[in-house]
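Here's the structure, in structure tokens; my notes come after.
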Amino acid sequence: GGGIRKASKNHVRIFNVEFLRVMQLAKNNSSTNPTCKKCNKKMKSKGNKQGFECVKCGNSSVSKSTLEIPRKIRCKLYLPSLSAHRHLTRPYQRIKKRNKHVKFDASIPWMHVF
1 GGGIRKASKN HVRIFNVEFL RVMQLAKNNS STNPTCKKCN KKMKSKGNKQ GFECVKCGNS
61 SVSKSTLEIP RKIRCKLYLP SLSAHRHLTR PYQRIKKRNK HVKFDASIPW MHVF
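full-length UniProt numbering puts the first residue of the sequence shown at 1, with every later residue one more than the last.
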């Protein structure tokens, strides 16, 4: 169970889930104007599809530089704190374990009428 609360004037948008398993992460790339090799300053754009030029020394570059930003999350299972667990949420230690199948023996009297 979970849900999404719409953002309002008093509250930010919130996403409530019982657990979250991150299966795959997309790359987080950021493209910025290149830096000049000589003076180490950011280059300015000359215009649409015309490249970049350093204002200080006149050095030029053709394309933007891309930088991969490291992700803060990893591919794993995220659970809330133990105090926030609901009644059906398994603790982290028991996620992979399953209850043993117990066969009911009907020949043993288990209910007595008094």
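Note that beta-carbon positions come from the ideal geometry of N, C-alpha and C, so glycine has one too.
If we ignore side chains and look at the alpha-carbon of each, how far apart do residue i and residue j end up?
i: K38; j: E53; result: 12 Å
i: N33; j: K41; result: 10 Å
i: S45; j: I69; result: 23 Å
i: A26; j: K72; result: 12 Å
i: D105; j: H11; result: 55 Å
i: H112; j: K6; result: 55 Å
On the CB-based measure, 16 or more other CB atoms within 10 Å of its CB, does residue i come out buried or exposed?
i: C75; result: exposed
i: M23; result: exposed
i: C36; result: buried
i: M43; result: buried
Is residue i near residue j, with beta carbons less than 8 Å apart?
i: L20; j: Y78; result: yes
i: L88; j: S30; result: no
Note to self: Can you confirm whether the region 5 to 23 touches the region 47 to 62 when touching is taken to mean that 3 or more C-beta pairs between the two stretches lie within less than 8 Å?
What the structure shows: no
Q | 3 or more residues per run - each beta strand (DSSP E) lying fully within the UniProt domain "TiaS C-terminal zinc ribbon" (33 to 73) | A | Unbroken beta strand (DSSP E) runs of no fewer than 3 residues, entirely contained in the UniProt domain "TiaS C-terminal zinc ribbon" (33 to 73), are found at 65 to 68, following chain order.
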